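Under our numbering, the first residue of the sequence shown is numbered 1, with each subsequent residue one higher.
For every residue, glycine included, the Cβ atom is placed at its ideal position computed from N, Cα and C.
Since the structure is predicted, the reported quantities are computational estimates derived from the model, not experimental observations.
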Amino acid sequence: MFDKVEIPHIDIYDGETNEYYGKSIFHDNTDVEIGLLQIVNYKGIPKSMLFQNVTFLPASNNYVPPAVFEKTRRNAIVRAALRDTNSHLWVPADIHMNFDSQVRGKLSGDKYSFNSVEYTDIIVEDIKTFPQGRPDATQK
1 MFDKVEIPHI
11 DIYDGETNEY
21 YGKSIFHDNT
31 DVEIGLLQIV
41 NYKGIPKSML
51 FQNVTFLPAS
61 NNYVPPAVFE
71 KTRRNAIVRA
81 ALRDTNSHLW
91 VPADIHMNFD
101 SQVRGKLSGD
111 KYSFNSVEYT
121 DIIVEDIKTF
131 PQGRPDATQK
């Protein structure tokens, strides 16, 4: 069992072609932490997850930033660190999922910064934990 989550980033892929689009980073959020703990501890799926203060770092020329309130199907790997409830040791984890992504707020003029992004219709494909560390040390 795990009791805390730190989320370094989420790798985002196109929902149809699975082309890698880039990396999404954001500020920690209690609701997101609760949703991810529900997924890893109980194999439960939250109805939605709302990420706040999101910055997207594009890696593909094919990526087109979504318009506000436009739903887009995405695949993703949540790259997180989970804290073991008993030992308090941090365990790297990858949560493979797909979902509908919808920008809820975008107040800045930067096309890659969003006040909030909501994930709905979440499907968890796989959860991998790495108690001995990630096999590929170049992925953080």
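Buried/exposed call for residue i, threshold 16 Cβ in 10 Å
i, result
"F56", "buried"
"S87", "exposed"
"P92", "buried"
"I119", "The sequence given here has Tyr at residue 119, not Ile. Classification for Y119: buried."
"F51", "buried"
Interface flag, residue i vs chain D, CB-CB below 7 Å
i, result
"Y119", "Looking for chain D here will not work: only one protein chain is present."
Simplified DSSP state of residue i, which is helix, strand or coil
i, result
"T17", "coil"
"N29", "coil"
"Y197", "With the chain covering only 1 through 140, there is no way to say anything about residue 197."
"G109", "coil"
"T120", "strand"
"G22", "strand"
"L57", "strand"
"L89", "coil"
Strand pairing of residue i, partner residues [DSSP]
i, result
"H9", "R79"
CA nearest to the CA of residue i, picked from the options
i, options, result
"F2", "H9, D14, I34, D28", "I34"
"M47", "I127, D126, N98, D14", "Reading off the sequence shown, one finds Lys at residue 47, where the question assumed Met. Closest by alpha carbon: N98."
*Contact between the region 50-65 and the region 20-29: three or more CB pairs below 8 Å?*
yes
*asked:* If contact is defined by three or more beta carbon pairs under 8 Å, each pair taking one atom from either stretch, is the region 103-111 in contact with the region 36-46?
replied: no
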